[in-house]
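Colleague: Just so we're aligned: 64 in the UniProt record's numbering is position 64 of the sequence shown, and the numbers increase by one with no gaps anywhere.
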Amino acid sequence: MPFTLPAAASLFKPGQSGTIERFTNEHLAGKLLDIGVRPGSRLRVVRKSPFGGSWYVKIDRQCLALRKKELACIMVK
1 MPFTLPAAAS LFKPGQSGTI ERFTNEHLAG KLLDIGVRPG SRLRVVRKSP
51 FGGSWYVKID RQCLALRKKE LACIMVK
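Have a look at this one:
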């Protein structure tokens, strides 16, 4: 089985998915944990807004709209 390195969720294209491994920004991590985004959860990018301001993602069974800087601090494997 190939070993894959974690990548920022903001690099994903619509339709791609992975498992959240960790957060890179402690301040944003607190906010993400408060809304139910946890390491070990399954993340799937559903679509991006037309001008890239927000991204529509599905985390486990929850649908969220996140800013690009919030997605950039989520490391997904």
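The beta carbon of each residue, even a glycine, is placed where N, CA and C say it ideally should be.
Just so it is clear, the structure is predicted and the values come from calculations on it, not from any experiment.
P39 to I20, Cα distance in whole Å?
Modeller: C-alpha separation (whole angstroms): 5 Å.
Colleague: Between the alpha carbons of V76 and F51, how many angstroms are there, rounded?
Modeller: About 23 Å.
Colleague: Compare the Cα-Cα distances from residue 78 to each of P6, I74, L28 and S10 and report the closest residue.
Modeller: No information on residue 78 is available, as it lies outside the stretch 1 to 77 that the chain covers here.
Colleague: Starting from L43, follow the alpha helix (DSSP H) in both directions and report where the run begins and ends.
Modeller: Element bounds for L43: not the alpha helix (DSSP H) but the beta strand (DSSP E), R42 to K48.
Colleague: Excluding the five sequence neighbours on either side, which residues of its own chain have a C-beta within less than 7 Å of the C-beta of residue 96, listed in chain order?
Modeller: The question about residue 96 has no answer here: the residues shown for the chain are numbered 1 through 77.
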